[in-house]
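**Student:** What follows is a single structure, and I will ask about it in a moment.
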Amino acid sequence: MNLEILQNKKNECRTWKNVEPWYLQLQTACKIEKENLSIDYGDWFSVGIKENLTKEEEEIILQTAKSLIPWRKGPFKIFDLEIDSEWQSNIKYNLIRPYFNLKDKIVADIGCNNGYYMFRMLEDKPKRLVGFDPSPLTLHQFEFINHFVKSDIVYEMLGVEHLEYYNHKFDFIFMLGVLYHRPDPVGTLKSLARGLNSKGEILIDTFMIDGDEELCLTPNKRYSKIPNIYFIPTIPALKNWLERAGFENIEVIATTITTSEEQRKTPWSFDQSLEDFLDENDKTKTVEGYPAPKRVYVKARKTL
576 MNLEILQNKK NECRTWKNVE PWYLQLQTAC KIEKENLSID YGDWFSVGIK
626 ENLTKEEEEI ILQTAKSLIP WRKGPFKIFD LEIDSEWQSN IKYNLIRPYF
676 NLKDKIVADI GCNNGYYMFR MLEDKPKRLV GFDPSPLTLH QFEFINHFVK
726 SDIVYEMLGV EHLEYYNHKF DFIFMLGVLY HRPDPVGTLK SLARGLNSKG
776 EILIDTFMID GDEELCLTPN KRYSKIPNIY FIPTIPALKN WLERAGFENI
826 EVIATTITTS EEQRKTPWSF DQSLEDFLDE NDKTKTVEGY PAPKRVYVKA
876 RKTL
């Protein structure tokens, strides 16, 4: 597979009718050059303070951030402008944070969205950090923030299916909230294994259903109003998938129920969120009648 052709999408997409306005606004913001800005790697990933900007620059930052709505992952604080994203991704990050050490490792984040998790990971000082996500919107959100962070993060407009053809392997791969979007979950996990170095590790999360049997739910058309959800396994079924894909030392880190504390509407997001995806009379069910979203977090090592 020739990835160079696919990687050229990053430049080609900027001329698309729906993307060009983001790109032009971003170019305006990128004329603002600031050095040695303060960075806070906390729950609100922050760069710079309001006092670093002129009034004109402050307005450009605000208009650029607004032009890139919806912000699904975050939260961010850019020169004290609070971008309160739909997902409070700090909750997920803080949950998984005790289970990895990325220092001097080559790391990939599959489905990285706008890079919130990768910006947080910079604190670990990984050797290399690469994000994979084919979305033009989240690419521009990432470039907006990274212009001021000035990190060496590489953002590839590629998917998990391209991972094994990439120009190097990884020591640690994150794939958070992606597996249920894939019509071939075992094949996807095999792609992760092929993208790892010897003894490489993965940390994933996915929707799950309760049960001790090796079964999975296959939603009809939509799940929680999401159209591209294919398989939602029990934990035993997920472990089987991982073993078939070439993983061992499978550790269940946590299971969580998604709440409105973690996912909700904000002025920076879509006009619908979790509360609109659940049965208004029974919050334990989706609007389609399926069990409400519950996630399992798993860490595993590539079989030698």
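At the far end of the sequence shown sits residue 879, using our numbering, and the numbering has no gaps. Idealized CB from N, CA, C, for every residue including glycine.
If you reduce the DSSP assignment to three classes, tell me which class Thr590 lands in.
**Tutor:** Helix.
**Student:** Please work out which residues of its chain come closer than 7 Å, Cβ to Cβ, to Tyr668, disregarding the five sequence neighbours upstream and downstream, and give them in chain order.
**Tutor:** The residues are Tyr692, Arg695.
**Student:** Output the boundary residues of the alpha helix (DSSP H) element that contains Tyr691.
**Tutor:** Taken as a continuous stretch (DSSP letters only), the alpha helix (DSSP H) holding Tyr691 covers 691-696.
**Student:** Would you report the Cα separation of Phe717 and Asn689, rounded to the nearest angstrom?
**Tutor:** Approximately 5 Å between the Cα atoms of the pair.
**Student:** According to DSSP, Cys791 sits in a beta bridge with which residue or residues?
**Tutor:** DSSP lists Pro808 as partners of Cys791.
**Student:** With Val724 as the anchor, note down where its alpha helix (DSSP H) starts and where it stops.
**Tutor:** Val724 -> alpha helix (DSSP H) spans 711-724.
**Student:** Round the Cβ separation of Leu790 and Ile777 to the nearest angstrom and send it over; I've been treating them as touching at under 8 Å.
**Tutor:** Going by Cβ atoms, the distance from Leu790 to Ile777 rounds to 23 Å, so no, they are not a contact pair.
**Student:** Among all the DSSP beta bridges, which residues are the ones paired with Trp662?
**Tutor:** Gln838, per the DSSP bridge assignment.
**Student:** Once you ignore the five residues that flank Tyr598 on each side, which residues in its own chain have a CB closer than 7 Å to its CB?
**Tutor:** Hits under 7 Å: Arg589, His715.
**Student:** Using 10 angstroms around the beta-carbon of Val873, count the other beta-carbons present and answer buried if the total reaches 16, otherwise exposed.
**Tutor:** Looking at its Cβ environment, which holds 16 or more other Cβ atoms inside 10 Å, Val873 is buried.
**Student:** Taking the DSSP output, what are the residues bridged to Tyr730?
**Tutor:** Beta-bridge pairing links Tyr730 to Gly706.
**Student:** Assign Thr763 to one of two classes, buried (16 or more other C-beta atoms within 10 Å of its C-beta) or exposed (fewer than that).
**Tutor:** Buried, since its Cβ has 16 or more Cβ neighbours within 10 Å.
**Student:** So is Thr713 buried or exposed if we call it buried at 16+ other beta carbons inside 10 Å?
**Tutor:** It counts as buried.
**Student:** Asp618 lies in the beta strand (DSSP E); which residues open and close that run?
**Tutor:** Looking at the DSSP string, Asp618 is not in any beta strand (DSSP E), and its letter there is neither H nor E.
**Student:** With a threshold of 6 Å on Cβ separation, who are the neighbours of Pro709 within its own chain once the five nearest residues in sequence on each side are excluded?
**Tutor:** Counting only Cβ-Cβ distances below 6 Å, and skipping sequence neighbours, we find Met732, Gly734.
**Student:** Name the two residues that bound the continuous alpha helix (DSSP H) containing Glu633.
**Tutor:** Start and end: 630-642.
**Student:** Here's the rule I'm using: 16 or more other beta-carbon atoms within 10 Å means buried, otherwise exposed. How should Asn676 be labelled?
**Tutor:** Label assigned to Asn676: exposed.
**Student:** Can you tell me which residues form a DSSP beta bridge with Met750?
**Tutor:** Met750 pairs with Ile685, Ile779.
**Student:** Taking DSSP as the reference, what is the three-state secondary structure of Asn583?
**Tutor:** Correct three-state label for Asn583: coil.
**Student:** What residue does the beta strand (DSSP E) around Asp857 start on, and which one ends it?
**Tutor:** Taken as a continuous stretch (DSSP letters only), the beta strand (DSSP E) holding Asp857 covers 857-861.
**Student:** Report buried or exposed for Arg702, applying the criterion of at least 16 other Cβ atoms within 10 angstroms of its Cβ.
**Tutor:** Note on identity: in this sequence residue 702 is Lys, with Arg being the wrong assignment. Per the 10 Å Cβ criterion, exposed.
**Student:** What is the residue span of the beta strand (DSSP E) that Ala829 lies within?
**Tutor:** From DSSP, the beta strand (DSSP E) with Ala829 extends over 822-832.
**Student:** Express the C-alpha separation of Glu837 and Glu634 in angstroms, rounding to a whole number.
**Tutor:** Using only the alpha carbons, I get a separation of about 29 Å.
**Student:** Please confirm if Ile681 has its CB atom under 7 Å from at least one CB of chain D.
**Tutor:** In the structure shown, chain D cannot be found, because there is only a single protein chain.
**Student:** Between Leu849 and Asp857, what straight-line distance do the alpha-carbon atoms span, to the nearest angstrom?
**Tutor:** Cα to Cα, Leu849 sits roughly 13 Å from Asp857.
**Student:** Does the beta-carbon distance from Tyr755 to Thr793 come in below 7 Å?
**Tutor:** In this structure, Thr793 does not lie closer than 7 Å to Tyr755 by Cβ.
**Student:** When burial is assigned at 16 or more other CB atoms within 10 Å of the CB, is Val729 buried or exposed?
**Tutor:** Exposed.
**Student:** Span of the beta strand (DSSP E) holding Ala875?
**Tutor:** Looking at the DSSP string, the run of the beta strand (DSSP E) that includes Ala875 is 869-877.
**Student:** Which of the three DSSP states is assigned to Asn772 in this structure?
**Tutor:** Asn772 falls in the strand class under three-state DSSP.
**Student:** Straight-line CA distance for Asn627 to Asp699?
**Tutor:** Cα to Cα, the separation comes out at about 26 Å.
**Student:** Find the nearest neighbour of Ile671 within the set Leu879, Ile828, Asp851, judged by alpha-carbon distance.
**Tutor:** Residue Ile828 is the option with its Cα nearest to Ile671.
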